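Inspection log for the structure reproduced underneath, given as structure tokens.
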Amino acid sequence: MRAPIALLLFAPLGLLGQGTAKNSCLDCHGMLDGAAQRPALLAKTDVHTANGLGCADCHGGDRTSDDPGEAMNPAKGFIGKPARTAIPKLCAHCHGDPNFMRKFRPQQRVDQFELYQTSVHGKRLASGDDNVATCIDCHSVHDIRAVKDPQAPVYPLHLPETCAHCHADAKRMAKYGIPTNQFAEYQTSVHWNALKVRGDLSAPTCASCHGNHGAKPPQVESVAAVCGSCHVLFAQLYQKSVHEPIFSAASGGGGCIVCHSNHGIHQPSTAMLQGSKAVCAQCHDAGTPGANVAAQMAGWLDGLDAALKHSESVLASADKYGMEVSEAQVRLGDGRENLVKARLALHAFQPEQMKKPIDAGMAIANETLRAGQAALHEKDVRRMGLAVSVVFIGITILAIWALIRRIEASRPGASAPAPK
Amino acid sequence: MRAKPGNWLGERLDLSAVRELISHKTVPVHSATRWYYFGGITLFLFAIQVITGILLMLYYRPTVNEAFESVRFIMTRVEYGWLIRSIHSWSANLLIFVAFVHMFSVVFTHAYRKPRELTWLTGIALLGLMLFFGFSGYLLPWNQISYFATKVGTDVAASTPLIGPAVGRFLRGGEDVGGATLTRFFDFHVIILPLTAMALVGIHILLVQQHGMSTPPWIAPSGVRQMRFFPNFFLRELMVWYCALAALGALAAIFPWELGEKADPFASAPRGIRPEWYFLAQFYTLKLIPSHVWIFEGEILGILGFGLLAASWAVLPFWGADSAGNARTRLVTGAGVVMVSYLAAFTVLGYLK
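Same order as they appear, the protein sequences are chains U and X. If you read the first sequence in the numbering used here, its first letter stands for residue 850, the second for the next number, and so on. If you read the second sequence in the numbering used here, its first letter stands for residue 34, the second for the next number, and so on.
In structure tokens form, the structure reads like this:
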């Protein structure tokens, strides 16, 4: 056993300078059929192959020998197909070695294996459960691509499907007693929409909240911190709010997910505050002070939203007529910013904190509405002016025509003098 | 008794030559007389450009930081600023259109033939100036579309063989479109081009006076009726000018010239960027030419082709008439039809694609 490990540790270093060194593994496996040929075909796109590493760097053996017996000789470190439980350690031989990794990716972290060992996946694997995810389940095998490669299974756009490959598999998850609907719920969320529809690579995927190598479900008490890593201002207000200690003490959940859920986070709306689907109503019965405050805040938000939309439509109408309203349209952006601020302030659950941006937003909505109405009025004035001008121009043209007729009638020869 | 203004001036200036010209100047009356009005409309629109341009200069500031804002100020704050700017922009486009009509009317009535070669040449130079007026004025509001259209336009000029790089640097005032480009385009637009254009317009009109109005070759000059220029033709021309004024007012009031967004050199070019309509035919042609034709670069070949075509067109009086001054009517009419068809079709295609 010592021989293959020593080989694994030192062989890659020895091969570094070889670049396109002989690789008899690919030569032979490339000529085989089916499953035996597959690794040789996949290796063409592998990031390790591109960096001069070969099959023997993981599997051991002698890649310089054309004799299969020699090339796959255990005495030369050949280990064959590694056991699943051995894979993380096998990868860590290189990926946990800063001196080795520096030669390829100096900036890359080398603590993935340590993190993996702290994860549920790592702990279960250590206990002998080889059903859990190892490196190759997420990164693939033989056709491993760099994380930044858009075709890599761990590229942000593909990561949810990669996790779902196991976590949406009810049969596979049955023995762990965990739900398998996370991916289905995530697909209905605003985060999925941002990631998949808008192609926003910064949108949160599974790993953004759960981590990657140190994958571990965030505990209830850390949910607000996880959400707050992106939604910083919301989290700050929430932490100081009256709801924070109450939600944290509640059993079965806490923090942001009480109102927003976890995987299936939908576009927030004032329907969350009042009405039949109001999340506030889960705790605040209708007619109670809490429900009244929620209804009041919903009314403010809806009122500002409607006022801004009305101004926007009036300005758009003026713009359609070619009126110059760009300044008002830019100003309307400030109004929308106040709406966002009001939605943010809601997370303090103090109506007075919301009032300031609501009032500022309403003032801008009214100001831009007046600008739009003035532009539409100006459009009418211009057209009236045009109509009057055209009438006067028409009269002038007729007068000139009459003058021409008069001149030519009084001087008949005027239109046909003899050429000079 | 107060002296009449005419007498008062007459006592101080010798106006007899002017009176003589006015009383004797005539215009031939025949089936193509209507085309004579287009020269006058072009002149009228040029005058509109000069007047509205001077008014715009009261508020316009030709710097990267102020150009867009000053045009927006004119459009939104200055009393009737929107009208002046819209008329200036619409009139510029109508002027180029009418100038083209005027040029083709000269081609199809064969008015370029001896002794009017110089009149044709000054007219072609004026058309070129009008196009340069349009190109330089387009950048001045410093908005997104004009910025990138100028970038494309100067890139095309810069790819001309041999002199291209120097021409590109001269136009832009550097390697790229920027503040220096705006300043020199403003100089071209308000000083160099107007002075040159006025001088050429003067020579053009002088030549028209000297040679009189041309009669198409298919009409025998001896049998043509004549109309006094003043007041008979002038009053008719005045009616046409009023119609043009009404059209300008309607366009300005119903379709005010838009301002767009301020130019951002770091933004990506807007989709479907294309030049003004009068450069669309050339632009679309360049797009159609493959990147390489035999050993030549397609774009360079296209530019050389346009240069050759423009030069041939400019010397039309010399290949369009024989040494005795008789027009080669079939050849020139055929060339005119091909040219009009090409310009019209490729402009429409360039707009649609």
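Cβ atoms here follow ideal geometry from the backbone N, Cα and C, with glycine treated the same way. Since the structure is predicted, the reported quantities are computational estimates derived from the model, not experimental observations.
Identify the contact partners of residue i in chain U, using a Cβ-Cβ distance below 8 Å as the criterion.
| i | result |
| --- | --- |
| M108 of chain X | E1173 |
| F288 of chain X | G1171 |
| A27 of chain X | Because chain X in this structure spans residues 34 to 386, residue 27 of chain X falls outside the shown range and cannot be described. |
| W175 of chain X | Those within 8 Å of W175 of chain X in chain U number zero; the least Cβ separation is about 14 Å. |
| W123 of chain X | Here the premise fails: no neighbours, minimum Cβ distance about 12 Å. |
Leaving aside the five residues before and after residue i along the sequence, list all residues of the same chain whose C-beta is less than 8 Å from its C-beta, in chain order.
| i | result |
| --- | --- |
| T216 of chain X | P95, T96 and G206 |
| P1266 of chain U | Residue confidence for P1266 of chain U is low, a pLDDT of 47 falling below 50, so the modelled location carries little weight and cannot support an answer. |
| K1089 of chain U | A1197 |
| G73 of chain X | E270, V273 and W274 |
| P198 of chain X | A191 |
| Q867 of chain U | Because Q867 of chain U sits at a pLDDT of 42, beneath the cut-off of 50, its placement in the model cannot be relied upon, and the point is left open. |
| Y317 of chain X | F379, T380, L382, G383 and K386 |
Report, in whole angstroms, the separation of the C-beta atoms of residue i and residue j, which I expect to be a contact under 8 Å.
| i | j | result |
| --- | --- | --- |
| I1246 of chain U | Y275 of chain X | 5 Å |
| V140 of chain X | T75 of chain X | Not quite, the Cβ-Cβ distance comes to about 15 Å (not below 8 Å), so this is no contact. |
| A1167 of chain U | L1225 of chain U | 5 Å |
| I936 of chain U | H908 of chain U | The pair is not a contact, with the Cβ atoms about 12 Å apart (cut-off 8 Å). |
| T142 of chain X | P249 of chain X | 4 Å |
| F181 of chain X | P303 of chain X | 6 Å |
| L1218 of chain U | A1191 of chain U | About 18 Å; that fails the 8 Å criterion. |
| C1079 of chain U | P1053 of chain U | 7 Å |
| G186 of chain X | P61 of chain X | That belief does not hold up - the Cβ atoms of G186 of chain X and P61 of chain X are roughly 41 Å apart, past 8 Å. |
| P1009 of chain U | Y1025 of chain U | No, P1009 of chain U and Y1025 of chain U are not in contact; Cβ-Cβ is about 19 Å, not under 8 Å. |
Mind checking who residue i pairs with in its DSSP beta bridge?
| i | result |
| --- | --- |
| M260 of chain X | X:V60 |
| A1155 of chain U | BP columns for A1155 of chain U are empty, so no partner. |
| N176 of chain X | X:K295 |
| F79 of chain X | According to DSSP, F79 of chain X bridges with nothing at all. |
| E330 of chain X | X:H325 |
| A354 of chain X | X:A360 |
So with CB distances below 7 Å, who are the chain X contacts of residue i?
| i | result |
| --- | --- |
| E1253 of chain U | First, the residue type needs correcting, since residue 1253 of chain U is Ile and not Glu in the sequence shown. Within chain X, the residues near I1253 of chain U are N265, L268 and R269. |
| W1250 of chain U | M272 |
| I1242 of chain U | Y275, L278 and A279 |
With 16 other CB atoms within 10 Å as the buried threshold, where does residue i fall?
| i | result |
| --- | --- |
| G1182 of chain U | exposed |
| P999 of chain U | exposed |
| K391 of chain X | Because chain X here runs from 34 to 386, residue 391 of chain X falls outside it and cannot be looked at. |
| Q259 of chain X | buried |
| M880 of chain U | exposed |
| N948 of chain U | exposed |
| A285 of chain X | buried |
| D1229 of chain U | exposed |
| Q1031 of chain U | buried |
| I1253 of chain U | buried |
| L124 of chain X | Reading off the sequence, residue 124 of chain X comes out as Ser, not Leu. So S124 of chain X counts as buried. |
| L974 of chain U | buried |
| Q387 of chain X | Given that chain X is displayed from residue 34 to residue 386, the structure contains no residue 387 of chain X and the question cannot be resolved. |
| D243 of chain X | According to the sequence as given, residue 243 of chain X is Gln; it is not Asp. Under this definition Q243 of chain X is an exposed residue. |
| G847 of chain U | Within the shown structure, residues of chain U are numbered from 850 to 1269, placing residue 847 of chain U beyond reach of any answer. |
| G153 of chain X | Residue 153 of chain X is actually Trp in this sequence, not Gly. When all chains shown are included, W153 of chain X counts as buried. |
| R1260 of chain U | exposed |
| E1161 of chain U | buried |
| Q82 of chain X | buried |
Leaving out the 5 sequence neighbours to the left and right, which residues in its chain are closer than 7 Å to residue i when beta-carbon positions are compared?
| i | result |
| --- | --- |
| A1263 of chain U | Residue placement at A1263 of chain U is flagged as unreliable, the pLDDT there being 48, under the threshold of 50; the coordinate-derived value follows with that caveat. Cβ neighbours of A1263 of chain U beyond the five flanking positions: I1256 and E1257. |
| Q1145 of chain U | P1200 |
| T898 of chain U | A892 |
| V1072 of chain U | G1103, G1104, C1105 and I1106 |
| V371 of chain X | none |
| P323 of chain X | G331 |
| Q1116 of chain U | V1039 |
| W407 of chain X | Lying outside 34 to 386, the shown extent of chain X, residue 407 of chain X is not represented and no answer is given. |
Could you work out which residues of chain X lie near residue i, taking near to mean beta carbons separated by less than 8 Å?
| i | result |
| --- | --- |
| R1219 of chain U | None at all; the shortest Cβ gap to chain X is about 14 Å. |
| I1246 of chain U | M272, Y275 and C276 |
| R1232 of chain U | A286 and I287 |
Which residues in the same chain have their Cβ closer than 6 Å to the Cβ of residue i, if we skip the five residues on either side of it in sequence?
| i | result |
| --- | --- |
| D915 of chain U | S873 |
| R52 of chain X | none |
| L857 of chain U | Note that L857 of chain U has pLDDT 43, beneath the 50 cutoff, so the model's placement of it is unreliable and the number below is only indicative. Around L857 of chain U: H942. |
| G971 of chain U | Y965 |
What does residue i touch in chain U if you count any residue whose Cβ is under 9 Å from its own?
| i | result |
| --- | --- |
| L292 of chain X | E1173 and S1175 |
| R105 of chain X | E1173, S1175 and E1176 |
| W41 of chain X | Per Cβ cutoff of 9 Å: no residues; W41 of chain X is ~25 Å from chain U at best. |
Cβ of residue i versus every heavy atom of the ligand GDP: is any distance shorter than 6 Å?
| i | result |
| --- | --- |
| A357 of chain X | This structure simply doesn't include the ligand GDP, nor any ligand for that matter. |
Along chain X, which residues have their Cβ under 9 Å away from the Cβ of residue i?
| i | result |
| --- | --- |
| E1257 of chain U | N265 |
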